[in-house]
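Scroll down for the structure; my scribbles are underneath it.
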Amino acid sequence: LADYHLDSGTGLDAIATLRALHGQDLPAVLVTADRSSEVRASAGRLDVPVINKPLKPAVLRSMIARIRPLASAAE
-7 LADYHLDSGT GLDAIATLRA LHGQDLPAVL VTADRSSEVR ASAGRLDVPV INKPLKPAVL
53 RSMIARIRPL ASAAE
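Oh and the sequence shown: position 15 is 7 in my numbering, straight run, nothing missing.
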């Protein structure tokens, strides 16, 4: 789970780095208030789903439940 705007880059940069170190199948979700098509396209290229802020707890729980099987498979 990564926020898009970070002090030294973006959440997508962080996800790409983590995937380079731990495998491309590492599950990830991007959280952002930025609703631009550029952010969605960048996330799509990395196959990272996006949750827009303000996020609803039910949406977050649903997304975590959806990627949890992927996390188990990545271990």
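By construction, the Cβ of each residue, glycine as well, lies at the ideal position given by its N, Cα and C atoms.
Between the Cα of residue i and the Cα atoms of the options, which residue gives the shortest distance?
i: G36; options: S0, I7, R60; result: I7
i: L38; options: H(-3), D5, D(-5), S0; result: D5
Mind checking whether residue i and residue j have CB atoms under 7 Å apart?
i: V42; j: L22; result: yes
i: A25; j: K45; result: yes
i: A12; j: G3; result: no
Within its chain, find whatever has a CB closer than 7 Å to the CB of residue i; leave out the 5 residues flanking it on each side and keep chain order.
i: M55; result: V21, P41, I43
i: I59; result: P19, V21
i: V51; result: I43
List the DSSP bridge partners of residue i.
i: T24; result: N44
i: A(-6); result: L22
i: T9; result: In the DSSP output, where bridge partners are listed per residue, T9 has none listed.
Residues in its own chain within less than 8 Å of residue i by CB, not counting five upstream and five downstream?
i: R32; result: V42
i: L(-2); result: D5, A6
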